[in-house]
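Here the protein sequences come in this chain order: A and B. One point on numbering: in our numbering, the residue at position 131 of the first sequence is 131, and numbering is uninterrupted. One point on numbering: in our numbering, the residue at position 171 of the second sequence is 362, and numbering is uninterrupted. Below is one structure; the comments refer to it alone.
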Amino acid sequence: MSSITLASADLKQLLARVALGDRTAFRRLYDATAPSLFGVALRIVRQRDRAEEVLQDAFVNAWKRAAGYQAALSQPMTWLTAIVRNRALDELRSARQSADSLDEREGEDAAAIEDTQPGPLGLLEQAADKLAIRDCLDAIEGSQRQCLALVYYHGLSHSEVAAHVGSPIGSVKVWLRRGLDKLKRCLESLA
Amino acid sequence: MNYDRPELLDRLAAEYVFGTMNARVRSRFQAIQRGLPAARQAVEDWEQRLTPLAHSVPPAQPSAAAWAAIERRIDGRESRQAAPASAWLAWLRPFLGVAFGVVATLGLVRLYPTAVVPVDDIVQERGTLPASYVGLLTDAANNPVVLASSTRHGRIMSIKMLRKVEAPAGKVLQLWALPKEGAAFPLGVVPSEGKGSFTMPDTSEKLLSSVPRLAVSIEDAPARAGAMPAPYVLTGNCVKLW
């Protein structure tokens, strides 16, 4: 399977054809976007088999909902990534209702990911570099930045972030809220 | 909570998209999004803002089985299922299918004999209620208003109105299913008082197995599949009674 990168306009065309039930277009859309989307799911659910289930659910969902995709309002990758992230977060949260701790969740897959790829803060910084908002991000206090990255890329809940950074949950909630407000302003400066 | 406040919706949408909500709050906010366009819009705004951050995540190649599973599912050949573990299992599948079919048919008659025996008799004999989906819808003041129930493998939805609902003349009370994912879909029309029933397009198991919430809106006419619901006047949980 190739991991071709298609321009946003091409993806929009593919999605328009998918909305009409075009299976060839759907396959091309999958080939072009599945690796990126699988990467996002894998970061959140941490296990390949569960990430593949998330990917399957997301693409079946995209197939059904393609007719409702509004090209004028959203980029195709934004639309698809939102579907994948939502599904991955649902999967993570429902599995976590059994109250397994972060440590229990981090199996061998997670360890492999941690070893070979940039950590969550690294990903946030890389994203900021790409978007040219690095200065704005660096102005956010370090602990807030770390909390933001842990939540966004690994799907950690308030209590898990608190356990991870060794701070009271109340402080983490405040950091996240303030951090998110600042991040919002950084991202809005792009528009 | 007053969801008309834009700043509250913005805060909730941020937490939803960012991912800090727990399972219970997520599911509640998903139900709110289905009924409240302003909530859906707030979520879309945050998705637009935050998604570029996800693009720094390194790609990873899913297995070839993932695409095969997606194709099977959009063809309706099976529901969510992991890829076959090996080629011999794939080869064996048709035979397993037949064997499972025979066992399942026998099992279903034993487990769900409601098709041939009146439900009351089964309840009397077993002392338990049959496997069913049950919804209890409440109004804004949390008063129970609609009791909706349907046996697991049946198509009839029985409705008992626990309070009278005054629908404006010429309007109908439309019952909707609010699935965990995707848009709300219409189930049927409920009476304003007393008891009633309607036949659904498929079995409860097919329609309701991933539907945590039900809602009622006031519509000009019975809603068709794909229609957008008017604001909900009653909502409630839909649970499995087994």
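Beta carbons: idealized from backbone N, C-alpha and C, even for Gly. All of these numbers come straight from a predicted model, not from anything done at the bench.
- Message: For V356/B, tell me which candidate among V337/B, G373/B, S341/B, S395/B has the shortest Cα-Cα distance.
- Response: Reading the second sequence from its first residue, position 165 is the one you call residue 356/B. Here the closest residue by C-alpha is V337/B.
- Message: Suppose you measure from the CA of T78/A to the CA of Y69/A; what does that come to, to the nearest Å?
- Response: Translated into the one-based positions of the first sequence, residue 78/A becomes position 78. Translated into the one-based positions of the first sequence, residue 69/A becomes position 69. Distance between the alpha carbons of T78/A and Y69/A is about 11 Å.
- Query: Leaving out the 5 sequence neighbours to the left and right, which residues in its chain are closer than 7 Å to A149/A when beta-carbon positions are compared?
  - Reply: As a first step, residue 149/A must be located in the first sequence, where it is residue number 149. Cβ neighbours of A149/A beyond the five flanking positions: P120, L121, L123, L124.
- Query: Shorter than 7 Å from the beta carbon of L242/B to some beta carbon of chain A?
  - Reply: If you number the second sequence from 1, residue 242/B lands on position 51. According to the sequence provided, residue 242/B is Thr. The question's Leu does not apply to it. Yes, its Cβ sits closer than 7 Å to a Cβ of chain A.
- Can you tell me the Cα-Cα spacing of Q144/A and D181/A, whole angstroms? Residue mapping note: residue 144/A aligns to position 144 of the first sequence, counting from 1. Residue mapping note: residue 181/A aligns to position 181 of the first sequence, counting from 1. Straight-line Cα distance between these residues: approximately 11 Å.
- Message: If distances are taken between C-alpha atoms only, which option among V208/B, P253/B, D330/B, V216/B comes closest to P35/A?
- Response: Stepping through the first sequence from its first residue, residue 35/A is reached at position 35. Looking at the Cα atoms, P253/B is the closest of the given residues.
- Output yes if chain A places a C-beta closer than 7 Å to the C-beta of L398/B; else output no. For the purposes of this step, residue 398/B is identified with residue 207 of the second sequence, where counting begins at 1. No, its Cβ sits nowhere closer than 7 Å to a Cβ of chain A.
- Task: Could you please give the first and the last residue of the uninterrupted alpha helix (DSSP H) stretch that includes I347/B?
- Result: Taking the second sequence and counting its residues from 1, one reaches residue 347/B at position 156. Careful: I347/B lies outside any alpha helix (DSSP H), inside the beta strand (DSSP E) at 347-352.
- If you run the structure through DSSP and keep just helix, strand and coil, what is E384/B? Counting from 1 along the second sequence, the entry for residue 384/B is found at position 193. Coil.
- Task: Go to L369/B, then tell me how far its beta strand (DSSP E) extends in each direction, as first and last residue.
- Result: Here residue 369/B corresponds to residue number 178 of the second sequence, with the count starting at 1. 363-369 is the extent of the beta strand (DSSP E) around L369/B.
- Using a Cβ-Cβ cut-off of less than 7 Å, give me the residues of the segment 23-57 of chain A that come near chain B, in sequence order. Y30, A34, P35, S36, F38, G39, V40, L42, R43, D49, E52, E53, L55, Q56, D57
- My understanding is that V161/A touches V151/A, with C-beta atoms under 8 Å, so please give their C-beta distance in whole angstroms. On the first sequence, residue 161/A is found 161 positions in, with the first residue counted as 1. On the first sequence, residue 151/A is found 151 positions in, with the first residue counted as 1. 6 Å between Cβ atoms; contact.
- Message: Just to confirm the assignment, what range does the beta strand (DSSP E) spanning Y423/B have?
- Response: To locate residue 423/B, count along the second sequence from 1; it is residue 232. Run containing Y423/B: 423-431, per the beta strand (DSSP E) assignment.
- Item | Proximal residues of chain B, C-beta to C-beta of V60/A below 7 Å | Stepping through the first sequence from its first residue, residue 60/A is reached at position 60. In chain order: I261, R264, I265.
- Item | Rounded separation between P249/B and L425/B - CA only | As a first step, residue 249/B is located in the second sequence; it is residue number 58 there, counting from the start. As a first step, residue 425/B is located in the second sequence; it is residue number 234 there, counting from the start. The alpha-carbon atoms of P249/B and L425/B are separated by roughly 45 Å.
- Short CB-CB distance (under 7 Å) between E410/B and chain A: Your numbering for residue 410/B matches position 219 in the second sequence. Cβ-Cβ to chain A under 7 Å: no for E410/B.
- Anticipated Cβ contact below 8 Å, K88/A with G155/A, distance rounded: Counted from its first residue, the first sequence places residue 88/A at position 88. Counted from its first residue, the first sequence places residue 155/A at position 155. The question names Lys, but residue 88/A is Ala in the sequence shown. Indeed they touch by this definition, with Cβ atoms about 7 Å apart.
- Spatial neighbours of L187/A within its chain, please: CB distance less than 8 Å, with the 5 preceding and 5 following residues excluded, ordered by chain position. Looking up residue 187/A in the first sequence gives position 187. L131, I133, listed in sequence order.
- Message: Spatial neighbours of D330/B within its chain, please: C-beta separation below 6 Å, excluding the five flanking residues on both sides.
- Response: Within the second sequence, numbered from 1, the residue matching residue 330/B stands at position 139. Cβ within range, chain order: V336, L425.
- Alpha carbon of A421/B to alpha carbon of S408/B, nearest angstrom: Locating residue 421/B in the second sequence gives position 230, counting from the first residue. Locating residue 408/B in the second sequence gives position 217, counting from the first residue. Between A421/B and S408/B, the C-alpha separation is close to 6 Å.
- Query: Quick one: is L123/A near chain B, going by C-beta distance under 7 Å?
  - Reply: Position 123 of the first sequence, counted from the start, is the residue given in the question as residue 123/A. Taking Cβ atoms only, chain B reaches closer than 7 Å to L123/A, which makes this a yes.
- Query: Going by DSSP, what residues sit across from Y324/B in a beta bridge?
  - Reply: Along the second sequence, read from residue 1 onward, the residue named residue 324/B stands at position 133. Answer is S341/B, K431/B.
- Query: So, G326/B versus M352/B, is the Cβ gap smaller than 7 Å?
  - Reply: Reading the second sequence from its first residue, position 135 is the one you call residue 326/B. Reading the second sequence from its first residue, position 161 is the one you call residue 352/B. No. Outside cutoff.
- Item | R301/B - DSSP class collapsed to helix/strand/coil | As a position in the second sequence, residue 301/B is number 110, starting the count at 1. At R301/B, the pLDDT of 45 sits below 50, so the modelled position is not reliable and the matter cannot be decided from this model.
- Query: Using a C-beta cutoff of 7 Å, does W175/A count as contacting chain B?
  - Reply: Start at 1 with the first residue of the first sequence, and residue 175/A comes out as number 175. So, not an interface residue.
- Query: CA-CA distance, A127/A and M348/B?
  - Reply: Sequence index remark: in the first sequence, residue 127/A carries index 127 (1-based). Sequence index remark: in the second sequence, residue 348/B carries index 157 (1-based). Approximately 51 Å between the Cα atoms of the pair.
- Task: Along the alpha helix (DSSP H) that carries R215/B, what are the first and last residues, could you check?
- Result: The residue you call residue 215/B lines up with position 24 of the second sequence. Counting along the chain, the alpha helix (DSSP H) containing R215/B begins and ends at 214-226.
- N-terminal and C-terminal residue of the alpha helix (DSSP H) that I169/A is part of: What you label residue 169/A is simply residue 169 of the first sequence in a count that begins at 1. From DSSP, the alpha helix (DSSP H) with I169/A extends over 169-188.
- Between which two residues does the beta strand (DSSP E) harbouring V18/A extend? The residue given as residue 18/A occupies position 18 in the first sequence. Element bounds for V18/A: not the beta strand (DSSP E) but the alpha helix (DSSP H), 8-19.
- Task: Return the Cβ separation of A67/A and A51/A in integer angstroms, given the expectation that the two are a contact with Cβ distance under 8 Å.
- Result: Taking the first residue of the first sequence as 1, we reach residue 67/A at position 67. Taking the first residue of the first sequence as 1, we reach residue 51/A at position 51. Not quite, the Cβ-Cβ distance comes to about 27 Å (not below 8 Å), so this is no contact.
- Task: For G21/A, count neighbouring C-beta atoms within 10 Å of its own C-beta (all shown protein chains included) and say buried if the count is 16 or more, exposed if not.
- Result: Here the question's residue 21/A lines up with position 21 in the first sequence. By the neighbour-count rule (16 or more Cβ atoms within 10 Å), G21/A is not buried but exposed.
- Task: In the DSSP assignment, find the unbroken beta strand (DSSP E) run with V407/B in it and report its ends.
- Result: Walking along the second sequence from the start, residue 407/B turns up at place 216. V407/B -> beta strand (DSSP E) spans 404-410.
- Check the DSSP bridge columns for T329/B and list the partner residues they point to. Taking the second sequence and counting its residues from 1, one reaches residue 329/B at position 138. According to DSSP, which records beta bridges pairwise, T329/B is partnered with P335/B, T426/B.
- Looking at the structure shown, is A139/A part of a helix, part of a strand, or coil, going by DSSP? Against the first sequence, residue 139/A aligns to sequence position 139. Three-state DSSP puts A139/A in coil, outside helix and strand.
- Item | Separation of G373/B from V381/B, as counted between CA atoms | Residue numbering aside, residue 381/B sits at position 190 when the second sequence is read from its first letter. Residue numbering aside, residue 373/B sits at position 182 when the second sequence is read from its first letter. Taking the straight line from one Cα to the other gives about 23 Å.
- Collapsed DSSP secondary structure at T242/B in the structure displayed: By one-based count along the second sequence, residue 242/B stands at place 51. Note: T242/B maps to helix in three-state DSSP.
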